[in-house]
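Step one of this worksheet: look at the structure below.
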Amino acid sequence: MTATNTKSMGEDVIVCHDVHKWYGDFEALKGVSMRVRSGEVIVILGPSGSGKSTFIRTLNRLEEHQEGSISVDGIELTHDIRNIAEIRREVGMVFQQFNLFPHLTVLENITLAPIHVRKWSRERAEEVGMKWLTRVGIPEQAEKYPGQLSGGQQQRVAIARTLTMEPKILLFDEPTSALDPEMIKEVLDVMRDLASSGYTILAVTHEMGFAREVADRVIFMDAGQIVEENVPSNFFTNPKEERTQRFLQQILNH
Amino acid sequence: MDVILSNIRALVPGRKQFHLDLRRFVAEQITRSWILMVWLIAFTAFVGWYTIGQLSAAPGSTTTVLIIWALTVYMTVISELQKDHTPLTFWLKENMYNSINNVLVTLFLTLLILAGVRAFYSYAWVNASFETDPITSNEERPNEITVDDALAAYRVDFSNFPEGSSLPPRVILENAAGTPIRQVTLTKSADDPNIVIEELEDIHTGASWGSVIENLPNILLFRFRDPVIQWRIWASIGVLVVLALPSFVVYRGERYRGTTTRRLLTWAWVASPLIIFGLLYGLTAEGPLQVVDPDQIWGGFVLTVIISVFAIVVSFPIGMLLALGRRSNIQGIPWWVTYPVAIAITIWGLLTTTPANLEASRNTAETILAYWPLAVPVLAFFFQRSFKGNVVAAFSTGYIEVVRGTPFIVVLFMSIILFPIFLPSGWDISGVIRVLLASALFSAAYLAENIRGGLQALPNGQYEAADSLGLSAFNKYRLIILPQALRAVIPAIVGQFIGLYKDTSLVYLVGLFDMLALANGISSQNNWLGIRTEPYILLMVIYFLGSSLMAWYSRRLERQLGVGER
Numbered sequence: 342m343t344a345t346n347t348k349s350m351g352e353d354v355i356v357c358h359d360v361h362k363w364y365g366d367f368e369a370l371k372g373v374s375m376r377v378r379s380g381e382v383i384v385i386l387g388p389s390g391s392g393k394s395t396f397i398r399t400l401n402r403l404e405e406h407q408e409g410s411i412s413v414d415g416i417e418l419t420h421d422i423r424n425i426a427e428i429r430r431e432v433g434m435v436f437q438q439f440n441l442f443p444h445l446t447v448l449e450n451i452t453l454a455p456i457h458v459r460k461w462s463r464e465r466a467e468e469v470g471m472k473w474l475t476r477v478g479i480p481e482q483a484e485k486y487p488g489q490l491s492g493g494q495q496q497r498v499a500i501a502r503t504l505t506m507e508p509k510i511l512l513f514d515e516p517t518s519a520l521d522p523e524m525i526k527e528v529l530d531v532m533r534d535l536a537s538s539g540y541t542i543l544a545v546t547h548e549m550g551f552a553r554e555v556a557d558r559v560i561f562m563d564a565g566q567i568v569e570e571n572v573p574s575n576f577f578t579n580p581k582e583e584r585t586q587r588f589l590q591q592i593l594n595h
Numbered sequence: 177m178d179v180i181l182s183n184i185r186a187l188v189p190g191r192k193q194f195h196l197d198l199r200r201f202v203a204e205q206i207t208r209s210w211i212l213m214v215w216l217i218a219f220t221a222f223v224g225w226y227t228i229g230q231l232s233a234a235p236g237s238t239t240t241v242l243i244i245w246a247l248t249v250y251m252t253v254i255s256e257l258q259k260d261h262t263p264l265t266f267w268l269k270e271n272m273y274n275s276i277n278n279v280l281v282t283l284f285l286t287l288l289i290l291a292g293v294r295a296f297y298s299y300a301w302v303n304a305s306f307e308t309d310p311i312t313s314n315e316e317r318p319n320e321i322t323v324d325d326a327l328a329a330y331r332v333d334f335s336n337f338p339e340g341s342s343l344p345p346r347v348i349l350e351n352a353a354g355t356p357i358r359q360v361t362l363t364k365s366a367d368d369p370n371i372v373i374e375e376l377e378d379i380h381t382g383a384s385w386g387s388v389i390e391n392l393p394n395i396l397l398f399r400f401r402d403p404v405i406q407w408r409i410w411a412s413i414g415v416l417v418v419l420a421l422p423s424f425v426v427y428r429g430e431r432y433r434g435t436t437t438r439r440l441l442t443w444a445w446v447a448s449p450l451i452i453f454g455l456l457y458g459l460t461a462e463g464p465l466q467v468v469d470p471d472q473i474w475g476g477f478v479l480t481v482i483i484s485v486f487a488i489v490v491s492f493p494i495g496m497l498l499a500l501g502r503r504s505n506i507q508g509i510p511w512w513v514t515y516p517v518a519i520a521i522t523i524w525g526l527l528t529t530t531p532a533n534l535e536a537s538r539n540t541a542e543t544i545l546a547y548w549p550l551a552v553p554v555l556a557f558f559f560q561r562s563f564k565g566n567v568v569a570a571f572s573t574g575y576i577e578v579v580r581g582t583p584f585i586v587v588l589f590m591s592i593i594l595f596p597i598f599l600p601s602g603w604d605i606s607g608v609i610r611v612l613l614a615s616a617l618f619s620a621a622y623l624a625e626n627i628r629g630g631l632q633a634l635p636n637g638q639y640e641a642a643d644s645l646g647l648s649a650f651n652k653y654r655l656i657i658l659p660q661a662l663r664a665v666i667p668a669i670v671g672q673f674i675g676l677y678k679d680t681s682l683v684y685l686v687g688l689f690d691m692l693a694l695a696n697g698i699s700s701q702n703n704w705l706g707i708r709t710e711p712y713i714l715l716m717v718i719y720f721l722g723s724s725l726m727a728w729y730s731r732r733l734e735r736q737l738g739v740g741e742r
């Protein structure tokens with residue numbers, strides 16, 4: 342029984358069509374098209390330089406795409422700054438390097454955006470923030486500064502910061518790659534928890550166990566293109582493409 | 177007590193064994209190279225010669241230093257041989273006596289510093305005069321010497337007083353050894369055409385602090401000494417004190433965070449420069465807050481503070497905008513707009529202005545200048561190439577580079593001499609105000625580069641995190657980027673502000689009455705002819721105190737904000 346059957350999938354929340362992206366002469370994305378339905382958990386795999394990070398960063402306009410169309414939650418991503426602001430409110434992102442604000446306490450990190458973007462009162466923001474901090478398991482660190490926390494704790498704060506904004510879609514950009522092995526688990530546990538509670542998640546990661554276990558769909562990218570899309574059971578045991586097989590061999594046999 | 181005892185014990189060789197490898201010691205310390213040996217011999221001879229000289233010049237203090245030096249060297253050597261150091265001898269070994277050379281250097285430098293201190297002490301205290309009125313102070317002293325006596329007994333030097341001098345001639349009387357000992361002020365009396373002695377006074381060889389004491393109110397306040405307007409200075413200081421006292425409470429800790437009290441106080445701080453400007457400049461044509469002419473009234477330390485504070489406060493936002501502007505990556509003007517416009521300007525200029533200018537040209541320079549439209553496409557090309565049509569970045573970069581390439585003194589002269597030419601007739605901005613604006617605009621360029629350094633030091637992830645949370649550009653910079661960037665460059669910014677504070681003395685050269693001008697003026701006052709050293713020492717002290725205060729505050733701020741921690 343795959344995860345697909347146990348969850349109810351909703352409407353398409355992300356629709357990409359033929360997305361192209363150039364860095365100067367280098368074409369990082371060569372026509373990526375995909376749909377993501379509400380509540381779906383998607384893991385994007387691929388060798389480094391395959392454009393997978395670039396791709397999910399185009400979804401909240403941290404990178405600008407030059408051709409094709411991306412619409413998120415029914416809003417088309419264009420130069421229009423209002424559209425971008427609206428999409429960023431609904432799309433949360435967790436980074437490889439955490440990117441916490443070092444001059445603010447953990448709780449200030451978490452409540453900053455709700456107060457200034459969602460216009461919540463400080464009390465409400467702190468209440469919701471503490472709820473999420475408790476959910477990721479470190480409510481006692483609220484008054485500390487990020488520099489005083491371990492990598493795993495920092496990443497969990499970053500996740501709580503993203504979730505306090507109550508986004509509909511979560512983007513994870515290699516969230517465990519900068520962590521020591523013993524801290525990876527605590528972050529993956531939080532991600533598993535979120536995956537089972539109905540968030541739409543797109544995660545770029547090298548954690549095959551996580552992909553196999555919680556993904557509804559695995560997308561394999563190489564050289565700026567989607568090579569293969571499959572449910573995890575088929576993807577790992579019975580890949581269609583030759584390039585995917587080579588990649589899996591390298592990953593699993595190392 | 178224990179410390180003293182243990183150190184005394186170090187004086188006595190104990191029963192412990194000496195650890196001495198004499199051959200190794202000589203090899204390391206003396207015979208390592210012939211240059212070292214030659215140096216040690218020469219340096220020992222030099223230090224010996226210097227010490228003997230000092231012994232005869234100041235036997236007491238030099239002997240004391242020698243005894244302390246010999247004792248501590250002995251203590252350190254014994255402790256080192258026994259490998260049993262007290263904290264004192266260990267510190268001495270590490271810092272003062274860690275080689276034969278350094279043992280000698282320590283002695284030499286101690287004596288040198290002592291000689292300097294002694295000289296300054298005798299100049300500034302022992303031989304100094306604190307009398308503010310040297311002439312009347314000598315009145316009670318019987319003046320038994322007449323001019324004839326003086327001329328007969330002493331060598332008289334009239335050379336200091338050229339003909340036509342409006343100052344009363346003074347005669348410096350020297351003794352046989354050539355040391356000035358008395359000075360005589362001469363005047364012509366009405367009934368006697370001969371020169372008569374007016375005053376006779378002793379010349380002291382040390383400092384005349386009276387010059388400084390008498391002129392201190394002038395150097396600090398200048399025309400604000402006038403009791404009618406002096407209260408404005410005290411009111412200004414009062415405003416600052418009234419704001420500063422509650423700030424110690426309100427800005428400390430979490431208690432007042434986000435409260436109306438704190439917001440009000442912040443606004444009061446923001447408004448305080450305006451209030452103080454109103455006090456010092458004036459608000460009305462008549463009455464207690466009568467508008468003053470800053471060129472005439474502002475001077476001395478008051479002017480220094482006004483220029484520094486104005487330049488710092490005004491240059492800060494400008495510098496911040498310039499720094500952000502230089503880094504801006506807004507959509508530029510596309511080339512297909514820039515180039516046609518540039519070419520159109522060129523053609524228009526060549527057709528309309530160039531013929532007339534060529535006609536009127538009187539020299540080669542003007543002929544070349546008449547072809548100015550040809551420069552437009554070149555500029556347009558660089559504008560597109562370097563800035564991709566980004567006007568904001570081009571303006572900021574251009575401004576910063578032009579100002580940084582200009583000496584401050586040139587900017588000051590331009591503000592005084594060149595700037596009025598460009599003003600519409602009938603407009604007149606006072607020289608001080610022009611200097612204020614020039615200082616602020618000059619400082620802004622340097623500040624922009626300092627702030628830009630802080631902006632560049634921030635990892636890109638900070639921008640991305642702020643963006644991905646949906647913060648507006650304004651909030652992103654206000655809450656995330658600038659607090660971190662500014663914090664990182666506090667040392668550089670404060671360094672720049674200290675430089676600015678000291679550079680205010682340059683306004684002396686464009687004719688403002690700053691502290692330097694007033695200090696220089698002392699040397700031509702009747703009582704203090706030729707006295708310069710003492711006023712300069714006063715300026716040094718004032719500048720040093722101000723600079724140290726800023727440096728101290730910067731260090732405190734860095735500690736509070738945790739600069740260097742991430």
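Taken in order, these protein sequences are the chains called A and B. To get our numbering, take the position in the first sequence, counting from 1, and add 341. To get our numbering, take the position in the second sequence, counting from 1, and add 176. Just so you know, even glycine gets a beta-carbon here, dropped at the ideal spot from N, CA and C. No experiment lies behind these values; they were computed from the predicted model shown.
| query | result |
| --- | --- |
| Local Cβ density within 10 Å of B/PRO470, reported as buried at 16 or more and exposed below that | buried |
| Candidates A/LEU593, A/VAL572, A/GLN566, of which the one nearest A/GLY372 by Cα | A/GLN566 |
| Closer than 8 angstroms to chain B by CB, A/ALA426 | yes |
| B/TRP474 classed as buried or exposed, judged by whether at least 16 other C-beta atoms fall within 10 angstroms | buried |
| Whether A/ARG378 touches A/VAL360 by CB criterion (8 angstroms) | no |
| Any chain A beta carbon closer than 8 angstroms to B/LEU658 | no |
| Nearest candidate by alpha-carbon position, reference A/ASP366, set A/GLN407, A/ASP530, A/ILE500 | A/GLN407 |
| Residue span of the alpha helix (DSSP H) that contains B/VAL665, given as start and end | Taken as a continuous stretch (DSSP letters only), B/VAL665 belongs to no alpha helix (DSSP H), as it is neither H nor E. |
| Paired residues, beta bridge with A/ALA314 - DSSP | For chain A, the structure presents residues 342 to 595; residue 314 of chain A sits outside this window and is missing. |
| C-beta neighbour in chain B for A/HIS406, strict 8 angstroms | no |
| Same chain, Cβ closer than 7 angstroms to A/VAL356, five either side skipped, listed in chain order | ARG376, SER412 |
| For B/SER723 and B/TYR653, believed in contact at Cβ under 8 angstroms, the rounded distance | At roughly 31 angstroms, the Cβ-Cβ gap does not stay under 8 angstroms, so B/TYR653 and B/SER723 are not in contact. |
| C-alpha gap between B/ASN505 and B/GLN466, whole angstroms | 48 angstroms |
| A/GLN566 - containing beta strand (DSSP E), residue span | 566 to 571 |
| Cβ-based burial, B/ARG433 [other Cβ within 10 Å; buried from 16] | exposed |
| Positions along the stretch 388 to 415 of chain A whose CB lies within less than 9 angstroms of some CB in chain B | ARG398, ASN401, ARG402, LEU403 |
| Below-8 angstroms beta-carbon distance, B/ARG561 vs any chain A residue | no |
| Where the beta strand (DSSP E) through A/ARG378 begins and ends | 367 to 378 |
| Buried versus exposed, by CB contacts within 10 Å (16 or more), B/VAL670 | buried |
| Reduced DSSP category for B/GLN466 - H, G, I as helix; E, B as strand; rest coil | strand |
| Cβ-based neighbour list, B/LEU692, same chain, cut-off 6 angstroms, excluding 5 preceding and 5 following | SER681, TYR684 |
| Three-state secondary structure (DSSP) of B/TRP603 | coil |
| Buried or exposed by the 16-neighbour rule on C-beta atoms within 10 Å, applied to B/GLN632 | exposed |
| Where the beta strand (DSSP E) through A/PHE439 begins and ends | Premise fails: A/PHE439 is in no beta strand (DSSP E) and is neither H nor E. |
| Of the listed residues B/SER699, B/GLN406, B/ARG663, B/ILE656, nearest to B/GLN736 (C-alpha basis) | B/ARG663 |
| Test item: CB-CB of A/ALA499 and A/VAL555 under 8 angstroms | no |
| CB-CB length for A/LEU445 against A/GLU467, believed under 8 angstroms | At roughly 13 angstroms, the Cβ-Cβ gap does not stay under 8 angstroms, so A/LEU445 and A/GLU467 are not in contact. |
| Cross-chain neighbours of B/GLN638 in chain A, by beta carbon under 8 angstroms | ASN440, PHE442 |
| Residue of B/LEU617, B/ARG428, B/ILE180, B/PHE284 minimising C-alpha distance to B/TRP245 | B/PHE284 |
| 4-residue-minimum alpha helix (DSSP H) runs that sit fully inside the stretch 205 to 252 of chain B, ordered along the chain | 210 to 233 |
| Where B/TRP137 sits in the DSSP three-state scheme | Outside the shown range of chain B, which is 177 to 742, sits residue 137 of chain B, and nothing can be said about it. |
| Candidates B/GLY414, B/LEU440, B/VAL490, of which the one nearest B/LEU456 by Cα | B/GLY414 |
| Cβ of B/ARG663 within 8 angstroms of any chain A Cβ | yes |
| 8 angstroms contact criterion, which B/PRO549 and B/LEU534 should meet: CB distance rounded | So it is not a contact: roughly 12 angstroms between Cβ atoms. |
| Simplified DSSP state of B/TRP385, which is helix, strand or coil | helix |
| B/PRO464 classed as buried or exposed, judged by whether at least 16 other C-beta atoms fall within 10 angstroms | exposed |
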